[in-house]
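Numbering (the working numbering), first residue to last: 4 to 319. These notes are about the structure you will find just below.
So, in structure tokens, the structure goes:
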């Protein structure tokens with residue numbers, strides 16, 4: 004559903020179900036793996052017959068292995084032209100946890116050792132342990148949602164007309180509970196949080212793995228891209244620059260605590276100009292307009308590589 008509240012500083016919402024299959028780009032890796040497996044299998048000799056047959060089988064295995072090597076991502080031993088071809092695709096390798104999830108969903112088995120079980124720690128580096136940060140507006144902290152404690156306040160925010168226009172979660176508390184459940188019961192690829200400022204819950208956040216999200220079908224995702232959704236709960240906290248301050252703080256938290264993440268991603272509704280303005284003020288750049296299933300969005304990107312430049316400009 005589309006980003007929230009056009010009157011808030013910055014509000015974005017999830018595009019689709021967080022448990023939908025991730026982008027299908029892993030097929031190339033699966034094909035490569037099958038070539039390598041075939042090369043391994045070619046090394047087996049079915050019979051302990053004469054030495055000539057064994058030698059022939061070994062030669063065939065070597066040839067098959069050489070052919071298989073052409074299908075791997077390694078450019079070892081390749082000539083200069085081949086290396087140039089590989090350079091443009093090395094960054095496109097999908098993360099191991101995504102390959103494991105795809106294999107599990109397909110009901111298949113991998114001949115290589117399975118990675119360890121996917122947990123919240125593996126996917127988002129323990130959001131709940133990131134701790135507080137001091138901002139110009141006060142001490143801010145992301146606190147993972149607990150339904151029994153937080154459902155009432157989040158549901159109340161979702162029923163604010165300005166918020167409901169974008170999040171589309173107005174109604175009884177069960178509507179909000181159904182939205183939270185897949186995240187809380189899932190594999191940790193999306194973590195819903197309360198934003199607590201000086202000890203008072205005042206905003207709702209979702210920190211999620213954009214590269215494992217259906218959003219990744221709509222832009223050139225990179226491994227460990229981390230996304231942000233946000234709504235400012237109280238009317239008194241909107242329209243005074245607080246969203247910009249908190250967006251910068253949360254983007255910095257992501258980059259501080261997720262060293263493998265090179266970019267923080269957001270996709271506010273293109274109509275939500277206050278939200279887009281807040282992201283721009285927090286150091287995000289406009290990347291592209293994207294057509295998502297439930298909205299036309301402005302894809303916003305905060306780059307780790309530009310972080311020092313932004314910090315220097317803010318300090319002046």
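Backbone N, C-alpha and C define an ideal beta-carbon position, used for all residues, glycine too. Fair warning: this is a prediction, and the values are worked out from it, not measured in the lab.
> Tell me the DSSP bridge mates of residue 303?
Replying inline: Here residue 303 refers to the residue found at position 300 when the chain shown is read from its first residue. DSSP links residue 303 through a beta bridge to 269, 289.
> CA-CA distance, residue 186 and residue 264?
Replying inline: Here residue 186 corresponds to residue number 183 of the chain shown, with the count starting at 1. Here residue 264 corresponds to residue number 261 of the chain shown, with the count starting at 1. Computed Cα separation, rounded: 20 Å.
> residue 184: which of 280, 205, 262, 150 sits nearest, CA to CA?
Replying inline: Counting from one through the chain shown, the residue named residue 184 turns up at place 181. Closest in alpha carbon position to residue 184, among 280, 205, 262, 150, is 150.
>> In the DSSP output, what is residue 181 paired with across the bridge?
In response: In the chain shown, the residue the question calls residue 181 occupies position 178. DSSP, once it has assigned bridges, lists no residue as partnering residue 181.
> Would DSSP call residue 203 helix, strand or coil?
Replying inline: On the chain shown, residue 203 is found 200 positions in, with the first residue counted as 1. Reduced to three states, the DSSP call for residue 203 is strand.
> Could you check where the beta strand (DSSP E) with residue 147 kicks off and where it finishes?
Replying inline: Numbered from its first residue, the chain shown carries residue 147 at position 144. If you look at residue 147, you'll find it in the beta strand (DSSP E) that goes 141-147.
> Are residue 300 and residue 255 close, meaning C-beta to C-beta below 8 Å?
Replying inline: Taking the chain shown and counting its residues from 1, the one referred to as residue 300 is at position 297. Taking the chain shown and counting its residues from 1, the one referred to as residue 255 is at position 252. No. Outside cutoff.
> Who are the Cβ neighbours of residue 173 in its own chain at under 7 Å, not counting the five residues just before and after it?
Replying inline: Taking the first residue of the chain shown as 1, we reach residue 173 at position 170. Excluding positions up to five away in sequence, the list reads 161, 162, 167.
> residue 147 and residue 196: beta carbons closer than 8 Å?
Replying inline: Along the chain shown, read from residue 1 onward, the residue named residue 147 stands at position 144. Along the chain shown, read from residue 1 onward, the residue named residue 196 stands at position 193. By the CB criterion at 8 Å, residue 147 and residue 196 fall inside the cutoff.
> Under the DSSP definition of a beta bridge, which residues are partnered with residue 212?
Replying inline: Sequence index remark: in the chain shown, residue 212 carries index 209 (1-based). Beta-bridge pairing links residue 212 to 229.
> For residue 279, which residues does DSSP report across the bridge?
Replying inline: For this step, residue 279 is matched to residue 276 along the chain shown. Per DSSP, none; premise fails for residue 279.
> Hey, out of 259, 241, 152, whose CA is closest to residue 311's CA?
Replying inline: On the chain shown, residue 311 is found 308 positions in, with the first residue counted as 1. Per the Cα distances, 259.
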